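Peer 1:
Number of protein chains: 2
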Amino acid sequence: MGWALAVVFRGYVKAADAVAEGLPGGHRAYQILSAAARDEPGSQAALAHLLGIDRTVMTYLLDDLVGAGLVERQPDPDDRRSRRVVLTARGRDMLADLDERFRRAEMHLLASLDDPEQQAFRSLLCAVAAHVNDLDPVATACDAVQEISRRADQPRSGTAAARP
Amino acid sequence: MGWALAVVFRGYVKAADAVAEGLPGGHRAYQILSAAARDEPGSQAALAHLLGIDRTVMTYLLDDLVGAGLVERQPDPDDRRSRRVVLTARGRDMLADLDERFRRAEMHLLASLDDPEQQAFRSLLCAVAAHVNDLDPVATACDAVQEISRRADQPRSGTAAARP
DNA sequence: TATTGTTATACTCTATAACTATA
DNA sequence: TATAGTTATAGAGTATAACAATA
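Here the protein sequences line up with chains A and B, keeping their order.
Using numbering that gives the first Met the number 0, you'd call the opening residue of the first sequence number 0 and step up by one each time.
Using numbering that gives the first Met the number 0, you'd call the opening residue of the second sequence number 0 and step up by one each time.
Laid out in structure tokens, this is it:
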């Protein structure tokens, strides 16, 4: 199983980094934007823990995203040590575009499965992931992922993801 | 989905490296032993491609495994440039032990799923992996993985994997 | 004292380049 | 000329350590 897992993961990273070309930080930057948009993070440390990366690496990634004008570090009124990561307007536009591109990349990755199988795979993968980390914020993130993929299964009215 | 995939993959690598403690090369060394035992590889380059690692890295990993007396580099009679990777007797014993330990680690990783769900997850994961690489030897490896997990589902007579 | 975030440093890992030997 | 394997080197990526600010 480890072999298949590695193959799929490498395939995902490769496809995701290709799709996220131009975004400083590659597929991990997308996950930062995605998590920050759901305002789950609260702080850089929480965000880093959620994505499984070191807090120092998070600093570098955020530096690049701030430099690109996609996110801002806002002071947390409740804890002046902490910084809240929030998307700029440009960051939200970028994320909407990335959401659609990543959705298509994932569809391509799972192309060998039919629709119910894809649904089952996503569901099982999320269940395993939720178990691997037995943490609350993690489960929330997984639910959100599920929700996004469910939303994407509905008929689309335009080329880009729905945004007011 | 990328998030869940990363979480599960990291969880697997962490568990696998812990289980493979003492084996030089960690979980990747196990995959080398496993592939070599099925004599799929033929050569170091083919093995490296199968596992998705560079041929130079394969040299280092094999150096350690040879140093530990687990594998041998045998000259290929058909192509004197190539080396066939074969397990020593000690390597086969080690692999049998590792197979059992990895099987338990995977069970623990998928503990949140019931038996049919685990079966479905492995099957779907293999199908996706087979699609990601559209290569023949890859499909073979996946079948073998499936076979091993199927065999492991049969009632066990002892604590260790069946070995004559 | 513990934690957040930053910076600088050191380390690990991986890939690149150059080489030998075969084909 | 192209490929298999090895080696040495350089590069990317990551973690460690030290620091300031705050809890």
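Even glycine gets a Cβ: it sits at the ideal position worked out from N, Cα and C.
Here the structure is a predicted model, which means the values were calculated and not measured.
#1: Thinking just about the alpha-carbon of each residue, which of A:P115, A:S122, A:L109 and A:H130 is nearest to the one in A126 (chain B)?
#2: Anything in chain B within Cβ reach of H26 (chain A), meaning under 7 Å, just list it in chain order.
#3: Which residues, in order along the region 35 to 65 of chain A, keep a beta-carbon less than 9 Å from a beta-carbon of chain B?
#4: Under the DSSP definition of a beta bridge, which residues are partnered with Q73 (chain B)?
#5: Less than 9 Å between CB atoms is the rule here; does R9 (chain A) satisfy it with respect to chain B?
#6: Are P23 (chain A) and A67 (chain A) touching if we call contact CB-CB under 9 Å?
#7: Return the CA-CA distance between D16 (chain A) and A88 (chain B), expressed in angstroms with no decimal places.
#8: Give the interface partners of E116 (chain A) over in chain B, defined as CB-CB distance under 8 Å, in chain order.
#9: Can you grab the Cα-Cα spacing for the pair D135 (chain B) / G21 (chain B), in whole Å?
#10: Count the other CB atoms, across all protein chains shown, that sit within 10 Å of the CB of Q73 (chain B); report buried if there are 16 or more and exposed otherwise.
#11: Going along chain B in order, which residues have a C-beta closer than 7 Å to the C-beta of L209 (chain A)?
#12: On the DSSP bridge list, what partners appear for D78 (chain B)?
#13: Verify whether the separation of the beta carbon atoms of E105 (chain A) and M0 (chain B) is less than 9 Å.
#14: Counting along the chain, where does the alpha helix (DSSP H) carrying L108 (chain B) start and finish?
#15: For a contact defined as C-beta to C-beta under 7 Å, what are the partners of Q30 (chain B) on chain A?
#16: Using beta carbons (cut-off 9 Å, strictly below), is V234 (chain A) in contact with chain B?
#17: In chain B, which residues lie less than 9 Å from L112 (chain A) when you measure between Cβ atoms?
#18: Check whether the region 77 to 88 of chain A and the region 35 to 46 of chain A are in contact - that is, three or more C-beta pairs closer than 8 Å.
#19: Against chain A, does E71 (chain B) count as a neighbour if the rule is that its beta carbon must be under 9 Å from one of theirs?
#20: According to DSSP, is D16 (chain B) helix, strand or coil?
Peer 2: According to the structure shown:
#1: As a first step, residue 126 (chain B) is located in the second sequence; it is residue number 127 there, counting from the start. Cα-wise, what sits closest to A126 (chain B) is A:L109.
#2: Counting from 1 along the first sequence, the entry for residue 26 (chain A) is found at position 27. Within chain B, the residues whose beta carbon sits less than 7 Å from that of H26 (chain A) are G1, listed in sequence order.
#3: L49, L50 and G51
#4: For this step, residue 73 (chain B) is matched to residue 74 along the second sequence. Answer is B:R83, bridged to Q73 (chain B).
#5: As a position in the first sequence, residue 9 (chain A) is number 10, starting the count at 1. It does; some Cβ of chain B falls within 9 Å.
#6: The residue given as residue 23 (chain A) occupies position 24 in the first sequence. The residue given as residue 67 (chain A) occupies position 68 in the first sequence. Yes, the pair counts as a contact, with Cβ atoms nearer than the cut-off.
#7: Position 17 of the first sequence, counted from the start, is the residue given in the question as residue 16 (chain A). Position 89 of the second sequence, counted from the start, is the residue given in the question as residue 88 (chain B). Those two C-alpha atoms are separated by around 43 Å.
#8: Locating residue 116 (chain A) in the first sequence gives position 117, where the first residue counts as 1. Here the neighbours are L123 and A126.
#9: Taking the first residue of the second sequence as position 1, residue 135 (chain B) is located at position 136. Taking the first residue of the second sequence as position 1, residue 21 (chain B) is located at position 22. At D135 (chain B), the pLDDT of 41 sits below 50, so the modelled position is not reliable and the matter cannot be decided from this model.
#10: Looking up residue 73 (chain B) in the second sequence gives position 74. That one is exposed.
#11: There is simply no residue 209 (chain A) to check, as chain A begins at 0 and stops at 163 in what is shown.
#12: Taking the second sequence and counting its residues from 1, the one referred to as residue 78 (chain B) is at position 79. Residue pairing of D78 (chain B) in beta bridges, as defined by DSSP: B:D75.
#13: Stepping through the first sequence from its first residue, residue 105 (chain A) is reached at position 106. Stepping through the second sequence from its first residue, residue 0 (chain B) is reached at position 1. Yes, the pair counts as a contact, with Cβ atoms nearer than the cut-off.
#14: Counted from its first residue, the second sequence places residue 108 (chain B) at position 109. It spans A88 to L108 - the alpha helix (DSSP H) in which L108 (chain B) sits, taken as one unbroken run.
#15: Translated into positions along the second sequence, residue 30 (chain B) becomes position 31. Near Q30 (chain B) (Cβ distances below 7 Å), the residues of chain A are G1 and W2.
#16: Since the first residue of chain A shown is 0 and the last is 163, residue 234 (chain A) is not available in this structure.
#17: The sequence position of residue 112 (chain A) within the first sequence is 113, counting from 1. Ordered by position in chain B, the residues that pass the 9 Å Cβ test against L112 (chain A) are L123, A126, V127 and H130.
#18: yes
#19: Locating residue 71 (chain B) in the second sequence gives position 72, counting from the first residue. Judged by the 9 Å Cβ criterion, E71 (chain B) is not in contact with chain A.
#20: On the second sequence, position 17 is the one that residue 16 (chain B) refers to. DSSP places D16 (chain B) in helix when its eight states are reduced to three.
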